[in-house]
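Visitor: Residues -25 to -1, 1 to 312 in mature numbering (1 follows the signal peptide of the UniProt record, and there is no 0) are what the sequence shown spells out, letter by letter. Starting off with a structure, shown below.
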Amino acid sequence: MKRPLIAALTAAMLCSPLFAVTAHADDVRSRMIRFGYGLNENSNQGRAAKLFAEEVAKASEGKLKMRTYAAASLGSDDQMQSALIGGAQEMMVGSTATLVGITKEMAVWDTPFLFTREQQADAVLDGPVGRKVMDKLEEKGLVGLVYWENGFRNLTNNARPITKLEDFSGIKLRVMPNPVFLETFKLMGANAVPLPFSELFTALETRAVDGQENPYNTILSSKFYEVQKYLTVTNHVYSPWIVTASKRWWDGLSQTEQGIILEAAKKARDFERQDTRAEAAQALAALKANGMQVNEISPAEVERMREQAKPAIQQVVDTVGQPLFDEVQAALEASGS
Ligand code: KDG
């Protein structure tokens, strides 16, 4: 059966409220699925991975065995992406920002200050334009299933509290290996250093870099508070995670198997967003209790940062094209949230 028809059938099945995933023995084979991710097992990413594996096993009567691999034990995001494309690994969850080298349209989610509330992100990412960006992965050998939440990113460092734009000057700031993140923090005046997530704790511990930026959840679960003194609340960008599969592997699954995995990924997404938001609400207090000095940034200074970041927004437009950028903006407007 042709791929577009399978995609259409899968989408139709999942859209229909009557669609119930029941494994027909002959449609589901015994398979081992290696699912890799970068954070610790005891993190929002790890808890969602565990639930994902449980849901896949339950819906397939134990035939689809998903084994989860935490803390980049199967490699960094880009190494796992290559393994999926080559068919050496079946699935992973990682940052959309690390996919830009494979699918440039993913850069639209790097737009500084794009979302200001999680509900906006949910509406846009789970809507038509989020799906359109995800479908661009297929021509590169990956299948995008769902978006999970990494969250709003905030700054930590060991040099000084960041209270105004000028405070970025001279800070060696680790950023994800991604052109827009690199440009954004160069524009802020920092010395931006791209590093994979798997190398970040050591780089902070050895003072190879002064600081980094990540959601509260990651700062807590990766124990960055042990090696970082200052936390500045900037919420400068909302980061999605994306669950992907090897297309080479995915296309060999039956429609029933694809439906089981897709349905389980959606359940894990809904759990992960709730879990992440609940944890984030408590994380700031926990980080303070672990010795971090937390400061807010005045609205006037946030406005200066927005202004300073404008060339990075133009870089996103140049990368993804004005039509897609405008489509995301329109979806954001329409979200009304
Ligand atoms: O697998 C972990 C990474 O994908 C993710 O956490 C990316 O936010 C990220 C970072 O800072 O590298």
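From the three backbone atoms N, C-alpha and C, an ideal C-beta is built for every residue, glycine too. Fair warning: this is a prediction, and the values are worked out from it, not measured in the lab.
1) Go ahead and label Ser214 buried or exposed: buried means 16 or more other beta carbons lie within 10 angstroms of its beta carbon, across all protein chains shown.
2) Identify whether Ala(-1) lies in helix, strand or coil by the three-state DSSP scheme.
3) Going by the C-beta, is Val84 closer than 7 Å to any heavy atom of the ligand KDG?
4) Relative to the C-alpha of Val104, which residue among Asp301, Phe127, Ile217 is closest?
5) Can you tell me which of the three DSSP states Arg22 falls into?
6) Indicate whether the contact test is met: 3 or more Cβ pairs, each with one atom in the segment 149 to 167 and one in the segment 220 to 227, closer than 8 Å.
7) Use the C-beta contact count for Met67: other C-beta atoms within 10 angstroms, 16 or more gives buried, fewer gives exposed.
8) Less than 8 Å separating the beta-carbons of Thr219 and Leu59?
9) Answer yes or no: the CB of Met151 versus the heavy atoms of the ligand KDG, is any distance below 7 Å?
10) Starting from Gly61, follow the beta strand (DSSP E) in both directions and report where the run begins and ends.
11) At the level of alpha carbons, what is the spacing between Asn166 and Leu148?
12) Please report the distance separating the alpha-carbon of Thr138 from that of Ser229.
13) For Ile236, report the span of its beta strand (DSSP E) as first-last.
14) Kindly indicate the opening and closing residues of the beta strand (DSSP E) around Gln187.
15) Under a Cβ-count criterion, where at least 16 other Cβ atoms within 10 Å of its own Cβ denotes burial, should Val303 be classed as buried or exposed?
16) Run the proximity test for Phe172: is its beta-carbon closer than 7 Å to any non-hydrogen atom belonging to the ligand KDG?
17) Closer than 7 Å by C-beta to Ala309: which residues in its own chain qualify, once you throw out the five before and the five after it? Chain order, please.
18) Going by DSSP, which residues form a beta bridge with Leu39?
19) Is any non-hydrogen atom of the ligand KDG found closer than 7 Å to the C-beta of Tyr44, if you look at the structure I gave you?
20) Within 8 Å, do at least three Cβ pairs link the segment 88 to 102 to the segment 186 to 193?
21) Give me, in chain order, the residues of the same chain whose beta-carbon lies closer than 8 Å to that of Asp293; leave out the 5 immediate sequence neighbours on both sides.
22) Output the distance between the C-alpha atoms of Ala(-1) and Gly37, rounded to the nearest integer angstrom.
23) Using the three-state DSSP reduction, which class does Gly126 fall into: helix, strand or coil?
24) On the DSSP bridge assignment, give the partners of Gly11 in chain order.
25) Just to confirm the assignment, what range does the beta strand (DSSP E) spanning Ser221 have?
26) Thinking just about the alpha-carbon of each residue, which of Gln297, Gln290, Ala306, Asp2 is nearest to the one in Pro154?
27) Closest to Ala63 by C-alpha separation, out of Phe27, Phe10, Ala255, would be which residue?
28) Once you ignore the five residues that flank Glu29 on each side, which residues in its own chain have a CB closer than 8 Å to its CB?
29) Helix, strand or coil, according to DSSP, for Lys107 in the structure here?
30) Can you list, in chain order, the residues of its chain whose CB lies under 6 Å from that of Asp53, leaving out five sequence neighbours each side?
31) For Leu175, report the span of its beta strand (DSSP E) as first-last.
32) Hey, could you find the ends of the alpha helix (DSSP H) Leu112 is sitting in?
33) Quick one: Cα of Leu130 to Cα of Asn210, how far?
34) Can you name the residues that DSSP bridges to Ala183?
Guide: Reading it off the structure:
1) On the sequence shown, position 239 is the one that residue 214 refers to. It counts as buried.
2) The residue labelled residue -1 in the question sits at position 25 within the sequence shown. Any answer about Ala(-1) is weak, because its pLDDT of 47 lies below 50 and its placement is not dependable; what the coordinates show is given next. It is helical.
3) Here residue 84 corresponds to residue number 109 of the sequence shown, with the count starting at 1. Per the sequence presented here, residue 84 reads as Trp, with Val not at that position. No - the ligand KDG has no heavy atom lying nearer than 7 Å to the Cβ of Trp84.
4) In the sequence shown, the residue the question calls residue 104 occupies position 129. Comparing Cα positions, the closest option is Asp301.
5) Against the sequence shown, residue 22 aligns to sequence position 47. It is helical.
6) no
7) Numbered from its first residue, the sequence shown carries residue 67 at position 92. So Met67 counts as buried.
8) Position 244 of the sequence shown, counting from 1, holds the residue named residue 219. Position 84 of the sequence shown, counting from 1, holds the residue named residue 59. Going by C-beta atoms, Thr219 is nearer than 8 Å to Leu59.
9) Position 176 of the sequence shown, counted from the first residue, corresponds to residue 151. Correct: Met151 has its Cβ closer than 7 Å to the ligand KDG.
10) Stepping through the sequence shown from its first residue, residue 61 is reached at position 86. Not the beta strand (DSSP E): Gly61 falls in the alpha helix (DSSP H), residues 52 to 61.
11) Residue mapping note: residue 166 aligns to position 191 of the sequence shown, counting from 1. Residue mapping note: residue 148 aligns to position 173 of the sequence shown, counting from 1. Asn166 and Leu148: Cα-Cα distance of roughly 6 Å.
12) Here residue 138 is taken as the residue at index 163 of the sequence shown, counted from 1. Here residue 229 is taken as the residue at index 254 of the sequence shown, counted from 1. Approximately 55 Å, taken between the alpha carbons.
13) Working through the sequence shown from its first residue, we reach residue 236 at position 261. Counting along the chain, Ile236 falls outside any beta strand (DSSP E), though it belongs to the alpha helix (DSSP H) covering 230 to 264.
14) Here residue 187 refers to the residue found at position 212 when the sequence shown is read from its first residue. Gln187 -> beta strand (DSSP E) spans 186 to 189.
15) For the purposes of this step, residue 303 is taken as residue 328 along the sequence shown, with counting starting at 1. Looking at its Cβ environment, which holds 16 or more other Cβ atoms inside 10 Å, Val303 is buried.
16) For the purposes of this step, residue 172 is taken as the residue at position 197 of the sequence shown. The answer is yes for Phe172.
17) Here the question's residue 309 lines up with position 334 in the sequence shown. Nothing listed; no residue qualifies.
18) Numbered from 1 along the sequence shown, position 64 holds the residue referred to as residue 39. Beta-bridge pairing links Leu39 to Arg6.
19) Reading the sequence shown from its first residue, position 69 is the one you call residue 44. No, the ligand KDG has no heavy atom inside 7 Å of this Cβ.
20) no
21) The count along the sequence shown starts at 1 and reaches residue 293 at position 318. If we look at Asp293 and ignore the five residues flanking it on each side, it has no Cβ neighbours.
22) On the sequence shown, residue -1 is found 25 positions in, with the first residue counted as 1. On the sequence shown, residue 37 is found 62 positions in, with the first residue counted as 1. Note on Ala(-1): pLDDT 47, under 50, position unreliable in the model; the coordinate value appears next. If I take the Cα positions, the gap works out to 11 Å.
23) The residue labelled residue 126 in the question sits at position 151 within the sequence shown. Residue state, collapsed to three classes: strand.
24) Taking the first residue of the sequence shown as 1, we reach residue 11 at position 36. The partner list for Gly11 (beta bridge, DSSP) reads Tyr44, Met67.
25) Here residue 221 is taken as the residue at index 246 of the sequence shown, counted from 1. It spans 213 to 221 - the beta strand (DSSP E) in which Ser221 sits, taken as one unbroken run.
26) The residue you call residue 154 lines up with position 179 of the sequence shown. Answer by Cα proximity: Gln290.
27) Along the sequence shown, one-based indexing puts residue 63 at 88. The option with the nearest alpha carbon to Ala63 is Phe10.
28) Numbered from 1 along the sequence shown, position 54 holds the residue referred to as residue 29. So no residue of the chain qualifies.
29) Locating residue 107 in the sequence shown gives position 132, counting from the first residue. Helix, per DSSP.
30) Along the sequence shown, read from residue 1 onward, the residue named residue 53 stands at position 78. For Asp53, where only same-chain residues beyond five positions count, the Cβ hits under 6 Å are Thr73.
31) The residue you call residue 175 lines up with position 200 of the sequence shown. Not the beta strand (DSSP E): Leu175 falls in the alpha helix (DSSP H), residues 175 to 180.
32) Counting from 1 along the sequence shown, the entry for residue 112 is found at position 137. Careful: Leu112 lies outside any alpha helix (DSSP H) and carries neither H nor E.
33) In the sequence shown, counting from the first residue as 1, residue 130 sits at position 155. In the sequence shown, counting from the first residue as 1, residue 210 sits at position 235. The straight-line gap from Cα to Cα measures roughly 8 Å.
34) Walking along the sequence shown from the start, residue 183 turns up at place 208. Answer by DSSP bridge pairing: none, since Ala183 is not bridged.
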